[in-house]
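Undergrad: The sequence shown runs 232 to 536 under full-length UniProt numbering.
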Amino acid sequence: LEEDSKNKQKPLNDDIIKQIEMLQKYYDTQGDKGRGHGYRRALTFLRAIKEPIYSVDQLKEVPYLGQGILKKVKELIEEGTISRFDFLSHDESVVVTDGMQKIGLKYYDDIKQRIPRDEVTALLEKIREVSSEIFPKEKNTLKIDACGSYRRGKQSCGDIDILITRTDGSPITGIVEKLVIKLESIGFLKERLGSLRHSSTGSEGYMGMCQLTPDHLNRRIDIKAYPLSQYGFAILYFTGSGNFNRSMRLFAQKKGYSLSDQGLQPVLRVKGQKVAEFNSIPCETEEDVFKALNLDYKAPHERDI
Ligand code: DCP
Ligand code: MG
Ligand code: MN
232 LEEDSKNKQK PLNDDIIKQI EMLQKYYDTQ GDKGRGHGYR RALTFLRAIK
282 EPIYSVDQLK EVPYLGQGIL KKVKELIEEG TISRFDFLSH DESVVVTDGM
332 QKIGLKYYDD IKQRIPRDEV TALLEKIREV SSEIFPKEKN TLKIDACGSY
382 RRGKQSCGDI DILITRTDGS PITGIVEKLV IKLESIGFLK ERLGSLRHSS
432 TGSEGYMGMC QLTPDHLNRR IDIKAYPLSQ YGFAILYFTG SGNFNRSMRL
482 FAQKKGYSLS DQGLQPVLRV KGQKVAEFNS IPCETEEDVF KALNLDYKAP
532 HERDI
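1. Quick one: Cα of V501 to Cα of Y257, how far?
2. Can you give me the Cβ contacts of R266 inside the same chain, cut-off strictly under 6 Å, excluding the 5 residues immediately before and after it?
3. Using only alpha-carbon positions, find the residue among S401, R348, I280 and S431 that is nearest to I391.
4. Do E533 and residue 192 count as a contact pair if the criterion is CB distance below 7 Å?
5. Any beta-carbon of chain B closer than 7 Å to the one on R534?
6. Is G473 near the ligand DCP, going by C-beta to nearest heavy atom under 6 Å?
7. Listed in chain order, which residues are found with a beta carbon closer than 6 Å to a heavy atom of the ligand MG?
8. Which of the three DSSP states is assigned to A507 in this structure?
9. Run through DSSP, which three-state label would T396 get?
10. DSSP three-state label for D340, please.
11. Taking the alpha-carbon of Y270 as reference, which of C388, M438 and L254 has the nearest alpha-carbon?
12. Exposed or buried, which one is L526 when buried takes at least 16 other CB atoms within 10 Å?
13. Could you tell me which uninterrupted alpha helix (DSSP H) segments, each at least 4 residues in length, are contained entirely in the region 244 to 296, listed from first to last along the chain?
14. L277: which of R397, G379 and I300 sits nearest, CA to CA?
15. Can you give me the C-alpha to C-alpha distance between I251 and E309, rounded to a whole angstrom?
16. Below 7 Å CB to CB, which residues in the same chain sit around L467 once its five sequence neighbours on both sides are set aside?
17. With a threshold of 6 Å (Cβ to nearest heavy atom), would H532 be considered close to the ligand DCP?
18. Since Y285 and L243 are thought to touch, with beta carbons under 8 Å apart, how far apart are those beta carbons, to the nearest angstrom?
19. Less than 8 Å between the CB atoms is what I'm expecting for Y437 and I417, so what's the real figure, rounded?
20. Are at least three pairs of beta-carbons, each pair with one atom in the region 382 to 390 and one in the region 401 to 417, less than 8 Å apart?
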């Protein structure tokens, strides 16, 4: 009898993936990088499962499905919903403890929608237009591009990743802040998720929400600026994919380097322990980074691993 009812059941693969995707986006909106990343990794494997899933027992051997995620999937299978999510939508006050979560919930319905490629193009154009208004003199040396999934050629994106540099090598200090203030004043940027970031190595960043026109949905946007000397590393990192970056970092590590969004530093290890890091090898372009590691160049659309 049990076998019978099982056979009539609809496989849960799609439901599970959809729910875990929602949780992943939710953790991202909260800036919870650890969970966001864990869920993203788990999703890669969940999506690869071809056999129909009816029970959580079938998932025990799947890589990167930790206890936390398994518990949520079990709940979904047994109760048809993940209670965490239930109460997110019904009783927001319970989970809303700080500003960031509140913003995440306020825009939750919008954020879970993917962004059509054309809209990202239009958002990028708007940012370029506004920046040439406020930086008329730097107009020809300010390079502004969209990275992330957009640069990898995807037809839809989870968010907008804007990367800025100055092609004449002059400092980028203050550019993000000025741009953000202007974009906020015209209602294009709607909400900051955390404060503006200034790294000690000279890069700057903004995380927030934007909207092309009042008829469009609110979208997650990241804006980062790097000095030209770090640009090759920055654009490589910000283009992704996340998995591609991880495997490239690992490769660099094996060759005795440490690769980040800011540089490629030779590392001295003694018995596996890092004892010294040296100045980065200079790379103004992505091609330079591949060359420095003696790797064949991969175009952005080939980095979707
Ligand atoms: N990135 C990374 N590791 C992280 C987060 C991000 O290496 N933990 C890099 C690779 C990503 C890029 O930053 O491609 C942009 O991050 P997004 O989260 O915006 O990812 P994508 O743009 O690739 O995908 P999406 O369409 O979901 O935004
Ligand atoms: Mg993105
Ligand atoms: Mn992003």
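Glycine included, each C-beta is placed from N, C-alpha and C at the ideal position.
All figures in this text were calculated on a predicted structure; none of them were measured in a lab.
TA: Considering the structure as presented:
1. Computed Cα separation, rounded: 41 Å.
2. Scanning its chain for C-beta atoms nearer than 6 Å, with the 5 sequence neighbours on each side dropped, one finds around R266 the residues Y258, in chain order.
3. That would be R348, whose Cα lies nearest to the Cα of I391.
4. A question about residue 192 goes unanswered here, because the residues of the chain that appear run from 232 up to 536.
5. Of the protein chains in the structure, only one exists, and it is not chain B.
6. Inclusion of G473 in the 6 Å shell around the ligand DCP follows from its C-beta lying nearer than that to a non-hydrogen atom of the ligand.
7. A distance filter of 6 Å between CB atoms and the heavy atoms of the ligand MG selects the following residues in sequence order: G379, S380, C388, G389, D390 and D392.
8. In the structure shown, A507 falls within a strand segment according to DSSP collapsed to helix, strand and coil.
9. Reduced to three states, the DSSP call for T396 is strand.
10. In the structure shown, D340 sits in a helix (DSSP, three-state: H, G or I).
11. Closest option to Y270, judged by alpha-carbon separation, among C388, M438 and L254: L254.
12. L526 is exposed by the Cβ-count criterion.
13. With a minimum length of 4 residues, the continuous alpha helix (DSSP H) runs that stay inside the region 244 to 296 are 244 to 260 and 264 to 279.
14. When only C-alpha atoms are compared, the closest one is I300.
15. Pairing I251 with E309, the inter-Cα distance amounts to about 15 Å.
16. Non-local beta-carbon contacts of L467 in its own chain, meaning distances under 7 Å to residues more than five positions away in sequence, involve E517 and V520 in chain order.
17. False, no ligand heavy atom lies under 6 Å from that Cβ.
18. Rounded, the Cβ-Cβ distance is 6 Å, consistent with contact.
19. Contact doesn't hold; Cβ gap of about 15 Å is too wide.
20. The region 382 to 390 is not in contact with the region 401 to 417.
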